[in-house]
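Trainee:
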Amino acid sequence: MDLSFSTEDIAFRDEVRTFLEKDYPAELRGKFSRDEYAKEDFLLWQKTLFKRGWGAPAWPKKFGGTGWTATQKYIFQEECARAETLPVPPFGMAMLAPVLMAFGSEEQKAHYLPRILNGTDFWCQGYSEPGAGSDLASLKTKAERQGDHYIINGQKTWTTLGHFADWIFVLCRTDPKAKKPQEGISFILVDMKSPGVEVRPIITMDGSHEVNETWLTDVKVPVANLVGKENEGWTYAKYLLAHERSGIAGVARSKKGIERLRQIASVELDQGQPIIRNPEFAKKISELEIDLSALEYTELRTLAGEASGKGPGPESSILKIKGTEIQQRITELTLEAVGVYGAPYFRGFPKDGDNQLPIGPDYAHLTAPMYANMRKTSIYGGSNEIQHNIIAKMVLGL
Amino acid sequence: MDFAFTSEQDMLRDTVARLIREQYDFDTRRKVAKSEAGWRPQMWAQFAELGLLGASFPESDGGFGGGPIEAMIISEEFGKGLVIEPYLQTVVIAGGFLRHGGSAAQKEENLPALIGGERLYAFAYSEPKSRFDLHDVSTTAKKDGKGYVLNGQKAVVLGGPLATHLVVTARTSGGQRDTSGITVFLVPKTAKGVSTRDYPTVDGLRASEVYFENVAVGADAVIGEVDNGLPMIEKVVDEAIAAVCAEAVGCMKILNEATISYARQRKQFGQPIANFQVLQHRMVDMFMAAEQATSMTYMVTLKLDEPDRQRKLAASAAKVQIGKAGKLVSQDAVQIHGGMGMTDELNVGHFFKRVTMIESQFGNTDWHLRRYTELSNR
Ligand SMILES: Cc1cc2nc3c(=O)[nH]c(=O)nc-3n(C[C@H](O)[C@H](O)[C@H](O)COP(=O)(O)OP(=O)(O)OC[C@H]3O[C@@H](n4cnc5c(N)ncnc54)[C@H](O)[C@@H]3O)c2cc1C
Numbered sequence: 009m010d011l012s013f014s015t016e017d018i019a020f021r022d023e024v025r026t027f028l029e030k031d032y033p034a035e036l037r038g039k040f041s042r043d044e045y046a047k048e049d050f051l052l053w054q055k056t057l058f059k060r061g062w063g064a065p066a067w068p069k070k071f072g073g074t075g076w077t078a079t080q081k082y083i084f085q086e087e088c089a090r091a092e093t094l095p096v097p098p099f100g101m102a103m104l105a106p107v108l109m110a111f112g113s114e115e116q117k118a119h120y121l122p123r124i125l126n127g128t129d130f131w132c133q134g135y136s137e138p139g140a141g142s143d144l145a146s147l148k149t150k151a152e153r154q155g156d157h158y159i160i161n162g163q164k165t166w167t168t169l170g171h172f173a174d175w176i177f178v179l180c181r182t183d184p185k186a187k188k189p190q191e192g193i194s195f196i197l198v199d200m201k202s203p204g205v206e207v208r209p210i211i212t213m214d215g216s217h218e219v220n221e222t223w224l225t226d227v228k229v230p231v232a233n234l235v236g237k238e239n240e241g242w243t244y245a246k247y248l249l250a251h252e253r254s255g256i257a258g259v260a261r262s263k264k265g266i267e268r269l270r271q272i273a274s275v276e277l278d279q280g281q282p283i284i285r286n287p288e289f290a291k292k293i294s295e296l297e298i299d300l301s302a303l304e305y306t307e308l309r310t311l312a313g314e315a316s317g318k319g320p321g322p323e324s325s326i327l328k329i330k331g332t333e334i335q336q337r338i339t340e341l342t343l344e345a346v347g348v349y350g351a352p353y354f355r356g357f358p359k360d361g362d363n364q365l366p367i368g369p370d371y372a373h374l375t376a377p378m379y380a381n382m383r384k385t386s387i388y389g390g391s392n393e394i395q396h397n398i399i400a401k402m403v404l405g406l
Numbered sequence: 348m349d350f351a352f353t354s355e356q357d358m359l360r361d362t363v364a365r366l367i368r369e370q371y372d373f374d375t376r377r378k379v380a381k382s383e384a385g386w387r388p389q390m391w392a393q394f395a396e397l398g399l400l401g402a403s404f405p406e407s408d409g410g411f412g413g414g415p416i417e418a419m420i421i422s423e424e425f426g427k428g429l430v431i432e433p434y435l436q437t438v439v440i441a442g443g444f445l446r447h448g449g450s451a452a453q454k455e456e457n458l459p460a461l462i463g464g465e466r467l468y469a470f471a472y473s474e475p476k477s478r479f480d481l482h483d484v485s486t487t488a489k490k491d492g493k494g495y496v497l498n499g500q501k502a503v504v505l506g507g508p509l510a511t512h513l514v515v516t517a518r519t520s521g522g523q524r525d526t527s528g529i530t531v532f533l534v535p536k537t538a539k540g541v542s543t544r545d546y547p548t549v550d551g552l553r554a555s556e557v558y559f560e561n562v563a564v565g566a567d568a569v570i571g572e573v574d575n576g577l578p579m580i581e582k583v584v585d586e587a588i589a590a591v592c593a594e595a596v597g598c599m600k601i602l603n604e605a606t607i608s609y610a611r612q613r614k615q616f617g618q619p620i621a622n623f624q625v626l627q628h629r630m631v632d633m634f635m636a637a638e639q640a641t642s643m644t645y646m647v648t649l650k651l652d653e654p655d656r657q658r659k660l661a662a663s664a665a666k667v668q669i670g671k672a673g674k675l676v677s678q679d680a681v682q683i684h685g686g687m688g689m690t691d692e693l694n695v696g697h698f699f700k701r702v703t704m705i706e707s708q709f710g711n712t713d714w715h716l717r718r719y720t721e722l723s724n725r
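Each protein sequence line maps, in turn, to chains A and R. With the numbering used here as the guide, the letters of the first sequence map in order to residues 9 to 406. With the numbering used here as the guide, the letters of the second sequence map in order to residues 348 to 725.
Have a look at this one:
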């Protein structure tokens, strides 16, 4: 057990920092914190990472991973958060890729993994349906075999960034007669340009367009796009969800969030003094930071376990629950810090061509929408109630 | 001790509830909030016609003989419809200033027009750096002959774009954070030197930044005492707190109803999610929070005419309770709705946002906890 960084680690940190200062695309700077991004932005960032050989820190070396130690991966995350880079969307990189590596055919690995790595394809996740949320196994989307093809019919929903995506991985029912709902599900890769795929926006309460309905009507997909074995998709789906959960902790980003909160609290006035000097408020930030610290060390322990060969287990549910609670709390306190200027709403305002001075400080504008938006984190990726159920059953054996 | 409403008050509630049901359904509200104007002048005229704008004024002021309880009833029902029009700013706040400090001439000029729906008011008090402190005023009103000249900026003036008149707090003497030296002015929005930047707010209302540049007003623009406006401001704001508490109660009731009915109807794992005990307990917590919030709203409404210290304690206590209850109810309502709770399409998110904004309106939970603590240890 050792908490300190070695001199090599520190040299590595400086190397990452220099890379981010020099090579993070200038046109992307500030975009993430301003909440404005396009598909091309994500792909450009991925291409930049790929060029440097850092396209997939979490992948094994033989697929183009970096071969970094757990400490180096940790440092890399920290530095990216510190520089407020765009995040790397998880759908291809962190969700699909591990499934393909474990269960995909050689052709699939050879074709799809490099395209994820070099920023060619943007993926989205087609799991949830209107009737199948927490109870994912009740999904109804059907894939019927016709010769060399599947014909897919059904509706997926809450598809994050589906409007950017080139590809979607879809859970479909291939054996309607299976005895248990978990049986008879297959994991299929679908080109979003296929005829019959329709993406309709869902606007969330904060006014943003992140999620979509994805309608699939008589979509024809080559059988070669089936991952693993037919009717065994549920195993792969669960494998993926465990990966999704561990990525969801977001420790490095939360650290940055707390740092931003402190900055804001040191200029926002309360009774004529910076609100950070109000002991009640300062205490709330401290509590949050301590919670984050507990999460961070829990994550590091989990990662150390993974490094010694264990995949992410049900313990990753802890990271999901605590990580999302902290993310939500950060936005809650930030909104509190900004006081009255949390109220103005500027998405879509001021109107185009209106270049008058902003209303209130810049950092205030997105605080309320962010607070509203972050409520999603305890709902998606398996809701926090479901995570509690998982821990109760799988860890505590209740 | 009596918590019963009179039959007139019951009738008033029915009238407002029917209006909301029939003409303020969620889809209409959503469309109006997103429209260019952001409100319905026609709806305001209807409020006037139905007597809602005069319901809380004594007969001597041209009203229908009610008071804070009537304002509470209306605000709660308006909360259920997420009413956009500035009832709070016009009737509760401007009406409050006129009742407590208005001269005979001011009342005569303003009250019939207010009650009749012709004049709408906004309350320009907070400033870019004042946060929630009512006495933190840097907008100045300098004596000039018989009148005054106003200079300064007011922040996030709710209902500003709709208003015809502004109630403005300004400093006539002393330093920025002195409790004395504050005076209240009534200024037509059309006065020379008044300009605004208008914008929507997160919860679908409209607000303005209001700039005063050498705005000349007469001595008759002063409401109440020169230099000693703060006690009156605090009283009116406590009345406004009672009204937003009632509004929040209305919001919470809808959130709870929506959540319970959704949980009954949404099936996962072959059963309604209402069967899951964790969710049941949460809905019970939400219900208890709304009940406690209702109690505290009654409490503060009935204590508005007590001496300053008791009134302030009551208002802060209610605001703290409502702030906490609102957070719990709104967050859990979204959570129990799952992904649906996140959408702009469903009403839940809109109530969530309004309740969130109420938490910081007229001082947030921490601010009122501090005021309560200071007063109770005095
Ligand atoms: C912003 C956002 C992005 C998303 N992105 C994607 C995506 O890219 N791809 C994708 O496939 N899906 C995505 N999802 C969907 C997400 O995974 C689901 O919303 C989630 O699984 C919950 O399902 P539901 O919304 O149908 O809620 P429901 O399952 O209906 O749940 C409603 C409530 O009931 C509770 N509940 C349900 N079952 C139980 C139980 N057994 N015990 C106790 N409580 C229970 C839930 O916790 C929740 O509070 C996204 C969702 C959101 C909000």
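We put the beta carbon where it would ideally sit given N, CA and C, even for glycine. Predicted model, so just to flag it, every value in this text is computed and none were measured.
Measuring CA to CA, which of W242/A, K292/A, A110/A and E238/A is closest to Q190/A?
Mentor: W242/A
Trainee: Rounded to whole angstroms, how far is the Cβ of V591/R from the Cβ of G443/R, which I believe are closer than 8 Å?
Mentor: So it is not a contact: roughly 13 Å between Cβ atoms.
Trainee: Could you list which residues in chain R have their beta carbon closer than 8 Å to that of P377/A, in chain order?
Mentor: V549
Trainee: Assuming E238/A and L169/A are in contact, meaning their beta carbons sit under 8 Å apart, how far apart are those beta carbons, in whole angstroms?
Mentor: Incorrect: roughly 28 Å between the Cβ atoms, too far for contact.
Trainee: Any chance you could list the beta strand (DSSP E) runs of at least 3 consecutive residues sitting entirely within the stretch 211-270 of chain A, in chain order?
Mentor: 217-230
Trainee: If you measure between the beta carbons of P322/A and I256/A, is that distance less than 7 Å?
Mentor: No, the pair does not count as a contact, with Cβ atoms beyond the cut-off.
Trainee: Please find out if some non-hydrogen atom of ligand 1 comes closer than 6 Å to the beta-carbon of I256/A.
Mentor: Checking the Cβ of I256/A against ligand 1 gives no.
Trainee: Are there three or more Cβ pairs, one per stretch, closer than 8 Å when the stretch 480-499 of chain R is compared with the stretch 558-568 of chain R?
Mentor: A contact exists between the stretch 480-499 of chain R and the stretch 558-568 of chain R.
Trainee: Verify the contact flag: L626/R, CB atom, against every heavy atom of ligand 1, threshold strictly below 6 Å.
Mentor: For ligand 1, at least one heavy atom lies less than 6 Å from the Cβ of L626/R.
Trainee: Closer than 8 Å is the cut-off here; do at least three beta carbon pairs connect the stretch 392-406 of chain R with the stretch 389-398 of chain A?
Mentor: Judged by Cβ distances under 8 Å, the stretch 392-406 of chain R makes no contact with the stretch 389-398 of chain A, as fewer than three pairs qualify.
Trainee: Please name the residues in the stretch 451-475 of chain R whose beta-carbon is closer than 8 Å to at least one beta-carbon of chain A, in chain order.
Mentor: S473 and P475
Trainee: Whole angstroms is fine: what's the gap from E423/R's alpha carbon to P287/A's?
Mentor: Each residue's Cα considered, the two are about 35 Å apart.
Trainee: Given that V631/R touches chain A, what residues does it touch there, using C-beta distances under 8 Å?
Mentor: Within 8 Å Cβ-Cβ: nothing; V631/R doesn't reach chain A, min ~15 Å.
Trainee: Provide the residue(s) that pair with A662/R in DSSP beta bridges, ordered along the chain.
Mentor: Answer is none; A662/R lacks a bridge partner.
Trainee: If you count every other CB in all the chains shown that lies within 10 Å of the CB of Q281/A, and 16 or more means buried, which is it?
Mentor: exposed
Trainee: Quick one: what's got a C-beta closer than 7 Å to Q657/R's C-beta in the same chain, skipping five residues either side?
Mentor: A distance below 7 Å between beta-carbons, with the five flanking residues on each side excluded, links Q657/R to the following residues of its chain, in chain order: K650.
Trainee: Return the chain-ordered list of same chain residues with a C-beta closer than 6 Å to the C-beta of A376/A, the five sequence neighbours on each side being excluded.
Mentor: L343 and G350
Trainee: Suppose the cutoff is 7 Å on Cβ atoms and the five residues either side in sequence are ignored; what does the same chain contact list for I367/R look like?
Mentor: E424, K427 and G428
Trainee: Have a look at K81/A and E556/R and give me their C-alpha separation to the nearest angstrom.
Mentor: 47 Å
Trainee: Contact criterion: CB-CB distance below 7 Å. Does V205/A meet it with respect to chain R?
Mentor: Taking a beta-carbon distance threshold of 7 Å, V205/A does not count as an interface residue toward chain R.
Trainee: Can you tell me where the alpha helix (DSSP H) holding P535/R begins and where it ends?
Mentor: Looking at the DSSP string, P535/R is not in any alpha helix (DSSP H); the run it does join, the beta strand (DSSP E), is I529 to P535.
Trainee: Less than 7 Å between the beta carbons of S473/R and Q523/R, yes or no?
Mentor: no
Trainee: Let me see if you follow: with CB-CB separation under 7 Å, is F352/R close to chain A or not?
Mentor: no
Trainee: Roughly how many angstroms lie between the CA atoms of G361/A and V541/R, to the nearest whole one?
Mentor: Any reading at G361/A must be qualified, since the residue scores a pLDDT of 48, below 50, and its modelled position is unreliable; no value is offered.
Trainee: When DSSP labels each residue in this structure, what does A281/A get in the three-state scheme?
Mentor: The question names Ala, but residue 281/A in the sequence shown is Gln. In the structure shown, Q281/A sits in a strand (DSSP, three-state: E or B).
Trainee: In angstroms, rounded to a whole number, what distance separates the CA positions of I683/R and G696/R?
Mentor: 12 Å
Trainee: Count the CB pairs spanning the stretch 84-99 of chain A and the stretch 261-280 of chain A that are closer than 8 Å, and state whether there are at least three.
Mentor: Because the criterion of three Cβ pairs below 8 Å is met, the stretch 84-99 of chain A and the stretch 261-280 of chain A touch.
Trainee: Are the C-beta of P98/A and some C-beta of chain R separated by less than 7 Å?
Mentor: no
Trainee: Determine, for S274/A, whether the minimum Cβ-Cβ distance to residues of chain R falls below 7 Å.
Mentor: no
Trainee: Any beta carbon of chain A sitting closer than 7 Å to that of D574/R?
Mentor: no
Trainee: Please decide whether D370/A counts as near chain R, where near means a Cβ-Cβ distance under 7 Å.
Mentor: no
Trainee: Between G685/R and chain A, is any beta-carbon pair separated by less than 7 Å?
Mentor: yes
Trainee: Am I right that M200/A and D174/A are in contact with their C-beta atoms under 8 Å? What's the rounded C-beta distance?
Mentor: 6 Å
Trainee: Just checking, does the stretch 71-90 of chain A make contact with the stretch 139-154 of chain A on the three C-beta pairs under 8 Å criterion?
Mentor: The stretch 71-90 of chain A is not in contact with the stretch 139-154 of chain A.
Trainee: Identify the continuous beta strand (DSSP E) that holds D545/R and give its terminal residues.
Mentor: V541 to P547
Trainee: Name the chain A residues that come within less than 9 Å of K659/R, Cβ to Cβ?
Mentor: In chain order: nothing, as chain A lies at least about 16 Å away.
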